[in-house]
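Protein chains in written order, with the numbering used here: chain D, 1 to 124; chain Z, 125 to 248.
All C-beta atoms in this analysis are idealised placements derived from N, C-alpha and C, irrespective of residue type, glycine included.
Protein chains: 2
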Amino acid sequence: MYRIPILQMGNTLLVTIQVDMQDQMALALQDDLANKIATTGAKGVLIDISALEIVDSFVGRMLASISGISRILDATTVVVGMQPAVAITLVELGLSLAGVRTALNVERGMELLAQGRRENPLAP
Amino acid sequence: MYRIPILQMGNTLLVTIQVDMQDQMALALQDDLANKIATTGAKGVLIDISALEIVDSFVGRMLASISGISRILDATTVVVGMQPAVAITLVELGLSLAGVRTALNVERGMELLAQGRRENPLAP
Numbered sequence: 001m002y003r004i005p006i007l008q009m010g011n012t013l014l015v016t017i018q019v020d021m022q023d024q025m026a027l028a029l030q031d032d033l034a035n036k037i038a039t040t041g042a043k044g045v046l047i048d049i050s051a052l053e054i055v056d057s058f059v060g061r062m063l064a065s066i067s068g069i070s071r072i073l074d075a076t077t078v079v080v081g082m083q084p085a086v087a088i089t090l091v092e093l094g095l096s097l098a099g100v101r102t103a104l105n106v107e108r109g110m111e112l113l114a115q116g117r118r119e120n121p122l123a124p
Numbered sequence: 125m126y127r128i129p130i131l132q133m134g135n136t137l138l139v140t141i142q143v144d145m146q147d148q149m150a151l152a153l154q155d156d157l158a159n160k161i162a163t164t165g166a167k168g169v170l171i172d173i174s175a176l177e178i179v180d181s182f183v184g185r186m187l188a189s190i191s192g193i194s195r196i197l198d199a200t201t202v203v204v205g206m207q208p209a210v211a212i213t214l215v216e217l218g219l220s221l222a223g224v225r226t227a228l229n230v231e232r233g234m235e236l237l238a239q240g241r242r243e244n245p246l247a248p
């Protein structure tokens, strides 16, 4: 089965979503990410969705679910690169991506993660 | 048409190849990368191929071609994440990826790029 690769950069894991997600793929990504956070001790997860032209409720739920899993495993998730048209459609559809942090691009997302670590003195 | 997203992180562009490349997609990636190097002034290009289970002569030529284009535009290309089985097959097929620099993973690739910049006093 096709699996989305997870890249490690220091304390951060990076996932670039390039194709429309299907059920199996989303479940596999959740599994792989949870395992990777556990084995690497990563503190941040960046999910780039700049290639997605549609974010429906299924993808929205998947992003929220990944954020929730990461949080329990002590990692922060930031969704980056959302196209403006996607944001407009999301709001029109009434999908608010509750519990999902976002940033304009990968660099801003990394800053957000670094900031979070500085602000929390308990974090390494 | 489906286009592979290019992520910018500081001076480096990151591309994750997740699907088998076809002619049009490879040409689009070359175009997009060349334009992105020109507009951002990036000094390094990281191409992650950890999701690829087959690297044939077409992909090999594409990687060599991207490396060549980047070099002319004053950026270094490093191919990272190649699966061991892919490396074995490449050598068995007599494909040597001439002119393409490789590293084990994204982190090592970034080190290689940083090192290259330090060693060349003319580079910023």
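Report back the beta-carbon spacing between residue i and residue j to the nearest angstrom; my notes put them in contact at under 8 Å.
i: Leu95 of chain D; j: Val79 of chain D; result: About 13 Å; that fails the 8 Å criterion.
i: Thr5 of chain D; j: Gln148 of chain Z; result: Sequence inspection shows Pro at residue 5 of chain D; the Thr mentioned does not correspond to that position. At roughly 22 Å, the Cβ-Cβ gap does not stay under 8 Å, so Pro5 of chain D and Gln148 of chain Z are not in contact.
i: Leu90 of chain D; j: Leu97 of chain D; result: 7 Å
i: Asp48 of chain D; j: Val106 of chain D; result: 6 Å
i: Arg101 of chain D; j: Thr77 of chain D; result: 7 Å
i: Glu177 of chain Z; j: Val210 of chain Z; result: 7 Å
May I ask you to report which of helix, strand or coil DSSP gives residue i?
i: Val79 of chain D; result: strand
i: Leu151 of chain Z; result: helix
i: Gln142 of chain Z; result: coil
i: Val169 of chain Z; result: strand
i: Ala211 of chain Z; result: helix
i: Ile6 of chain D; result: strand
i: Leu236 of chain Z; result: helix
i: Leu137 of chain Z; result: strand
i: Ala51 of chain D; result: coil
i: Ala103 of chain D; result: strand
i: Leu73 of chain D; result: coil
i: Gly192 of chain Z; result: helix
i: Leu219 of chain Z; result: coil
i: Asp180 of chain Z; result: coil
Residues in its own chain within less than 8 Å of residue i by CB, not counting five upstream and five downstream?
i: Ala166 of chain Z; result: Gln132, Asn135, Thr136, Leu137, Lys160 and Ala199
i: Leu157 of chain Z; result: Ile130, Leu137, Val139, Val169, Ile190, Ile193 and Ser194
i: Glu111 of chain D; result: Ala103
Could you name the residues of the same chain whose beta carbon sits closer than 6 Å to that of residue i, not counting the 5 residues immediately before and after it, in chain order?
i: Met206 of chain Z; result: Ile173
i: Ala28 of chain D; result: Arg3
i: Gly223 of chain Z; result: Ala188 and Ser191
For residue i, which residues from the same chain have a beta carbon less than 7 Å from its beta carbon, with the 5 sequence-adjacent residues on both sides left out?
i: Leu73 of chain D; result: Ala34, Ile37 and Ala38
Exercise for the section: Name, going along the chain, the residues of the region 16-40 of chain D whose beta-carbon falls closer than 8 Å to a beta-carbon of chain Z. Expected result: The region 16-40 of chain D vs chain Z, Cβ under 8 Å: Thr16, Gln18 and Val19.
Exercise for the section: May I ask you to list, following chain order, the residues of the region 190-213 of chain Z that have a beta carbon less than 9 Å from some beta carbon of chain D? Expected result: Val204 and Gly205
Exercise for the section: Scan the region 222-244 of chain Z for residues whose Cβ lies nearer than 8 Å to a Cβ of chain D and list them as they occur along the chain. Expected result: Taking a C-beta cut-off of 8 Å against chain D, the contacting residues of the region 222-244 of chain Z are Asn229, Val230, Glu231 and Met234, listed in chain order.
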